[in-house]
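The block underneath contains the structure these notes are about, expressed in structure tokens.
Protein chains in written order, with my numbering: chain A, 3 to 101; chain B, 317 to 527.
As structure tokens, then:
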């Protein structure tokens, strides 16, 4: 069981998520070169962490669930890193402008 | 009861992590193709309507707030607020799908559905002819990723209907609100998928800097 989170916390998180949506929309209209994708993914990641931590109550979950959630995301990071590492290191693929 | 609640939450996270793998694979494939054809993807993104995408993001975030408040009301045994919040969540979820429907319709009229023969056309000043084939890749990603997301939304609405029916019978209270909590986890997860889809599908062409 979780302790009850105050309504104010939920509303503040919602407000932050909405503001971050406007920020990501606005930043996409500015040309930052390669930084655009970094900022976009950084904001998306921040929003995801807010949702997981507060809305999904991982903040007050027991250590086992916390560890498991972290391990799941870490595992996906391994899969993506190895897959992309494979593709990006192939000489015959027309890559290189992305980064 | 506390241990049951923890087990159910844990089990739901096990399921959600398989979902993360499912969507993660699509995001990985998207990354590979986008890095192969960055200019084509940026040009194609000009045919997405960011207003639809932004509106849907806002709607989904509000629905996550009402869902979180529904779980809170169930926990506190506030039956009336619980039902109101569940109905609001379903209204916002339906609004998302309606907006998505209008958007799909726009692509259909605009001849931007490469999955159906005869519904793809690549012409006009915004469509560089050299990207005629590569543009179809982004639209296939778009329809598969938003399509699977929309299916998850429909499933979520079904779950919410069940939870609402249970709530009307007064099944939930301070000692037992596990179904509301785990349904909330699912709903928030679907929200998270959209949080990533929005910038990756709608906002990549805006800069005109071709990455």
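Just so it is clear, CB atoms sit at the ideal spot from N, CA and C, and this is done for glycine as well.
{"Asked": "Neighbour-count burial assignment, residue 38/A, 16 or more Cβ in a 10 Å radius", "Found": "buried"}
{"Asked": "For residue 372/B and residue 433/B, the rounded distance between their alpha carbons", "Found": "28 angstroms"}
{"Asked": "Nearest-angstrom Cβ-Cβ length linking residue 405/B and residue 386/B, presumed shorter than 8 angstroms", "Found": "6 angstroms"}
{"Asked": "Alpha-carbon spacing of residue 463/B relative to residue 62/A, whole angstroms", "Found": "33 angstroms"}
{"Asked": "Beta-carbon proximity of residue 494/B to residue 384/B, cut-off 8 angstroms", "Found": "no"}
{"Asked": "Residues that residue 348/B contacts on chain D, provided the C-beta gap is smaller than 9 angstroms", "Found": "No chain D is present in this structure, whose protein chains are A and B."}
{"Asked": "Per-residue contacts from residue 337/B into chain A (C-beta, under 7 angstroms)", "Found": "78"}
{"Asked": "Residue 504/B to residue 73/A span [Cα, whole Å]", "Found": "19 angstroms"}
{"Asked": "Cβ separation of residue 519/B and residue 42/A, assumed to be a contact under 8 angstroms, to the nearest whole Å", "Found": "6 angstroms"}
{"Asked": "Three-state secondary structure assigned by DSSP to residue 492/B", "Found": "strand"}
{"Asked": "Distance CB(residue 514/B)-CB(residue 360/B) smaller than 8 angstroms", "Found": "no"}
{"Asked": "Outcome for residue 388/B when other beta-carbon atoms lying within 10 angstroms are tallied against a minimum of 16", "Found": "buried"}
{"Asked": "Partner residues on chain B for residue 72/A, Cβ-Cβ distance less than 8 angstroms", "Found": "None at all; the shortest Cβ gap to chain B is about 11 angstroms."}
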